[in-house]
Amino acid sequence: MTVELDAVMHGFRRALPSVERHGANVLLTRARLCDFQRSLGPADCPKPHELDEASRDLDSEGWRRLDLLVGVAPLLTKAIQRSHELDPEPGQIWRDAFVGLALDMPLHTIVLLRESHPRREELARNWLLRLGIPIDGETPERSLERLERLDYARLMAAADAARDAADDRLQYLRKLQEKADLYAARDKY
Amino acid sequence: MSEATSAAAAAAAAERAERAERAARAEAARASIDAAIDDHWDAARAHWARSLQLGRPVVELEGPAIARIDLRDRQVFVSAAHVAGHGLETCLEAILAHEVGHHVKFPRSLGTLARMRILEKQLIPLEHFSALNLFTDLLINEHLGRRGLQTQLGRVYGSADHTAQTPATFLFTLAIYEELWQLPPASLVGPEGHEKLHGIYDGYRAEAHLVAQDLYRLGPNVFTQLIFYLSVLSRYLIQEVEENQHDHGGHSCQCAGEPDADDWASALTPGALEDEAIERAAREGWLAPDQIRRLRDKSLGARAAGLPGNLDGTGDQVTEIMANWYRRQAERYLLRPPPQRRLGEAIVPTTHEAWEPGDPIGTIDWGATLRERGPRFGAARPVRRETVADHEGLEVELWQPRSEIYLDVSGSMPDPREAENAMTLAAIILALGTLRAGGAARALLYSHTYTKSWRWCRSLRELSGFMLKYVGGGTEFPFDVLSESVEACRDKQPIRLVLTDRDFDFNVGKQPDAESVLRHASEAGPGFILVQAMADPMNVKQYRSWGMRVVDVPRLNDFPAVAAQLAHALFPEEGRPTP
């Protein structure tokens, strides 16, 4: 069963203001995650110590991301159930697609997600990939290609490298600026 | 007729025919596009506002770009040749909406454009380079893209063939659109454009993506967005291309209408939004510390470097702009009183009407009363008549102040066209004070030589323009001109003001008849006032003994404030000079 990407992103857009405003209540988020996992199958509910261990490295932004995912997850209940009908270990969903995703995307702050359409899309695509849900109207290859193009961590690294590599090219500009500085210096009397 | 001649005639005829056919085709395209505009104009405007009063676009046969605007008269132009030539008739709504966006939001006014240009020149001091059009296009197109015009805009930008000669800054901006609208790589940039950008930096797409993501989050402060955009774009400046005028092959619309002197003068003082943008850039680390320092420099010289033509010395508007700036500063020191209606002289009689008890007795017209009502009835029911002024504001003060200003423009002071010159500003304040009191002024600028504007003048624009002249040599006070002026003015002596520094003392020391000239000038007129920076107390005592009034200005920067106080003292509104 496929899912429309726009529907997931719309869910994020609706949930984000509330997550940003109220922050994440850790106990409540844990409870909601367990409830959701239980709705997929009672046996798959994480044990408290398992959840403690998996979420040990989540910072406050990480908990907010997790809260966002848990809030939007009911939209995908049917799709997850269909996708995992043949899965021998559907219990890994909470670990990999929820806590793991919240941990693995540290650059995606809630503010950034609210303001940036590409980052919401990246989060949605990553999530659906981890949940094993295909995107409506796309081949898996196309989805992966698009996800790679959106990879924020890679883009940031490339942009940082561009800034470092631009030093030589900026020499010319610096000379022009020094000349302009001389002009401005005439004001100092 | 020789064979060669007839062949040439035939070729010329063929060329004429071809030209005529081309012209007919262009005219047909113009007419067709002109008709199509009616179908799209309302929709184009609706992308920005429900009700928008803008003149109907003009369709040009040729034109420098697909479309352009003129911010002065709020006109939109569309080029028939470009639109038809690239097969963009189906994109008219996007083309028109884009141009409307320039008028309505980005940059909206020439004042904003002037501020953006000054900021841009501080970061990229190239006289003939400007990315402002590309920048405002980005903001406009993002808005229109969200409103469903993305495909049309993509077609417009994709219809050009970009080569290695296309400026890298333009190509990079196209790459931003590719990322913004999730278009296939190089679909707008083209293969050659991609090669060129790739040659500059192979990760250009990553930068384009991040600009597409972050630029719009930085709104609504357009200056923050501009600094961010320029901070990235400056890495794509290539000397050999960017030193020349930009040629975007008509695929970047053109924004006509240069800011006027008033816009530029206003832009020389940064506003709160610019300050906020600079601080944000510093916090976010978009620019190197030396660039931030440059942007934070609010001195007149730093800002004035961005005036048109100032970087390469071709600016013919600089004097006018700076004069305007000085006038604005002078206004700050002398607050303008609210305008008052003044009646002219009451000489026109009104019609007669019955006098009622309680009316002033002086208004009774006894002659008319006796004529109209006789001695008995008239005594009981007199008629009255008042006089009123025929025109407003014809009343003229009996005393009109006149100021004769001697301004030292020697090398110890900066050129007022390039940097803030406190003494020039003080002179303009004094001139403004004189004019406000209903008077006139004239000025002489001196250094080792002098120049004078000796006609009594009531225009601050003219006076301030003249006072921006600069000599910049030694200092020689023109005692001869002073003597001649005292003789020539006879019984209509002006207040004489000399704005100078301690060099004046040397001039007095060198001039054998200085004492007699200065004494004579002091005694002849209502005042001879020396406004001197860091005056020597001994010399001040001597000058005062000669009848001069001396105002000591402790520091050069105090000149404007001292001049303002002096103007208030000398020319209280509508009053006489204080004794």
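Line by line, the protein sequences give chains R and E. So in our numbering, spot 151 of the first sequence is number 151, and the numbers just go up one at a time. So in our numbering, spot 287 of the second sequence is number 1287, and the numbers just go up one at a time. Ideal Cβ positions, reconstructed from N, Cα and C, are used throughout, including at glycine. Remember, it's a predicted structure, so these values are computed and weren't measured experimentally.
Among the residues facing chain R, Ile1124 (chain E) is included, as its CB has a counterpart in that chain under 8 Å away. Counting C-beta atoms within 10 angstroms of its own C-beta, Val72 (chain R) has 16 or more neighbours from the protein chains shown and is therefore classed as buried. Along the length of the segment 1491-1575 of chain E, whole alpha helix (DSSP H) runs at least 4 residues long occupy 1503-1510, 1514-1524, 1537-1545, 1559-1570, reported in chain order. Residue pairing by DSSP places Glu1356 (chain E) in no beta bridge whatsoever. Under the three-state reduction of DSSP output, Leu123 (chain R) falls in the helix class.
With distances taken between CA atoms, Leu1463 (chain E) lies nearest to E:Ala1323 out of E:Ala1323, E:Asn1507, E:Pro1360. Looking at the backbone, the Cα of Leu113 (chain R) and that of Leu75 (chain R) are separated by about 19 Å. Using a 10 angstroms sphere on the CB of Ile93 (chain R), the tally of other CB atoms reaches 16 or more, which defines it as buried. Residue contact check for Glu1195 (chain E) against chain R: no CB pair falls below 8 Å. If you draw a straight line from the Cα of Val3 (chain R) to the Cα of Asp1161 (chain E), it is about 39 Å long.
Separation of Ala1131 (chain E) and Glu148 (chain R) (C-alpha to C-alpha, rounded to the nearest whole angstrom) is 31 Å. For Cys45 (chain R), the three-state secondary structure derived from DSSP is coil.
Cβ neighbours of Lys1196 (chain E) within its own chain (closer than 7 Å, five residues either side excluded): Ala1164, Ala1168, Leu1171. One thing to note: Ala1044 (chain E) has its Cβ within 8 Å of the Cβ of Val1100 (chain E). By the Cβ neighbour-count rule, Lys179 (chain R) is exposed, with fewer than 16 other Cβ atoms within 10 Å of its own. Three or more Cβ pairs closer than 8 Å define a contact, and the segment 125-134 of chain R meets that threshold against the segment 3-22 of chain R. In the structure shown, Trp63 (chain R) adopts helical secondary structure according to DSSP, grouped into three states. Residues of the same chain with a CB within less than 6 Å of the CB of Pro1382 (chain E), apart from the 5 flanking positions on each side, are Trp1355, Ile1364, Thr1369 in chain order.
Looking from the CA of Ala1208 (chain E), the closest CA among R:Tyr152, R:Pro17, R:Asp52 belongs to R:Tyr152. The C-alpha of Ile1124 (chain E) lies about 13 Å from the C-alpha of Pro1308 (chain E). Residues of chain R whose Cβ lies closer than 8 Å to the Cβ of Tyr1201 (chain E) are, in chain order, Ala162, Ala165, Ala166. Between the alpha carbons of Asp168 (chain R) and Tyr1157 (chain E) lies a distance of about 31 Å. At least 8 Å separates the CB of His1162 (chain E) from every CB of chain R. If you look at Lys1105 (chain E), you'll find it isn't in any alpha helix (DSSP H); DSSP assigns it neither H nor E. At a Cβ-Cβ threshold of 8 Å, Thr1424 (chain E) and Ser1447 (chain E) do not count as neighbours.
DSSP, reduced to helix, strand and coil, places Arg1050 (chain E) outside both helices and strands of the structure shown, so it counts as coil. By the criterion of at least three beta-carbon pairs nearer than 8 Å, the segment 1085-1098 of chain E is in contact with the segment 1019-1037 of chain E. Neighbours of Gln1493 (chain E) in chain R, taken as residues at a C-beta separation under 7 Å, are lacking, since the least C-beta distance is about 34 Å.
Taking CB atoms only, Glu20 (chain R) has no neighbour in chain E less than 8 Å away.
Inclusion of Arg1296 (chain E) and Asp181 (chain R) in the CB contact set at 8 Å is not warranted, their separation being larger than that value. Put simply, the CB of Lys179 (chain R) is near chain E, with a gap under 8 Å to one of its CB atoms. In chain order, Arg1496, Ala1521, Ser1522, Met1548 place their CB closer than 6 Å to the CB of Phe1528 (chain E), counting only its own chain and leaving out the 5 sequence neighbours on each side. Under the DSSP assignment, Asp1263 (chain E) falls in the alpha helix (DSSP H) whose first and last residues are 1261-1267. Beta bridge pairing from DSSP links Leu1445 (chain E) with E:Leu1407, E:Thr1451. Within the segment 1273-1284 of chain E, no residue has its Cβ closer than 8 Å to any Cβ of chain R. The alpha-carbon separation between Val1540 (chain E) and Leu1566 (chain E) amounts to approximately 17 Å.
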